[in-house]
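As structure tokens, the structure follows; a few thoughts come after it.
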Amino acid sequence: MNRRLLLLGAAGALTAGAAETNKPVKVAGGWKIGNLYYTSGLTGVRPEARKDPLAFGGDIKEQTRRTLEAHKKNLESLGSSLENVIKVTVFLADVKTEKNAMNEVYAEFFPRNPPSRSAFGVEFPDTATRVEIELVAWVP
Numbered sequence: 238m239n240r241r242l243l244l245l246g247a248a249g250a251l252t253a254g255a256a257e258t259n260k261p262v263k264v265a266g267g268w269k270i271g272n273l274y275y276t277s278g279l280t281g282v283r284p285e286a287r288k289d290p291l292a293f294g295g296d297i298k299e300q301t302r303r304t305l306e307a308h309k310k311n312l313e314s315l316g317s318s319l320e321n322v323i324k325v326t327v328f329l330a331d332v333k334t335e336k337n338a339m340n341e342v343y344a345e346f347f348p349r350n351p352p353s354r355s356a357f358g359v360e361f362p363d364t365a366t367r368v369e370i371e372l373v374a375w376v377p
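For the sequence shown, my numbering begins at 238 and goes up steadily by one.
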């Protein structure tokens, strides 16, 4: 927790003048402003869904894992990691029945000092999507 507070404090200090010195840059599924990376929401879509829109598939655990792996890959491409995530927003198709299973996988990716998180129940345009996750991270 202390590490995240330090990162958040450093982020605030370094981005205080961001409007004047750092313009937003589109990168790896989101926007980087100064040392902060704001992602778009990602889902656990299987690669074959690009060819077959009905191939989303997978239960909540598989989709959560795929989504967090994609975020991890994007962060690593920017020289950061999941350890530098400050805030996570999770959108679930069924909070009542899938939250615990999502939390099991989530804990694998954030085993110590997890970032601040909000979770909401939503209705996705398709019935196969179970979870969408967006995050804010520090990029050194």
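Glycine included, every Cβ here is placed at the ideal spot set by N, Cα and C.
Excluding sequence positions up to five before and after residue 266, its CB lies within less than 6 Å of the CB of 276, 277 and 311, all in the same chain and listed in chain order. Cβ neighbours of residue 359 within its own chain (closer than 8 Å, five residues either side excluded): 328, 329, 330 and 369. Beyond the five residues adjoining it in sequence on each side, residue 371 comes within less than 6 Å, by CB distance, of 276, 278 and 326 in the same chain, given in chain order. Looking at the backbone, the Cα of residue 296 and that of residue 357 are separated by about 18 Å.
Comparing alpha-carbon positions, the option among 260, 304, 259 and 270 lying closest to residue 366 turns out to be 304. Judged by DSSP in its simplified three-state form, residue 353 adopts strand.
Sixteen is the threshold: since fewer than 16 other Cβ atoms of the shown chains lie within 10 Å of the Cβ of residue 333, the residue is exposed.
A distance of 8 Å or more separates the beta carbons of residue 261 and residue 317.
In this model, residue 335 and residue 344 are separated by some 14 Å (Cα to Cα). For residue 315, no beta strand (DSSP E) encloses it, and the DSSP letter there is neither H nor E.
Residue 272 is positioned such that its CB atom lies closer than 8 Å to that of residue 375.
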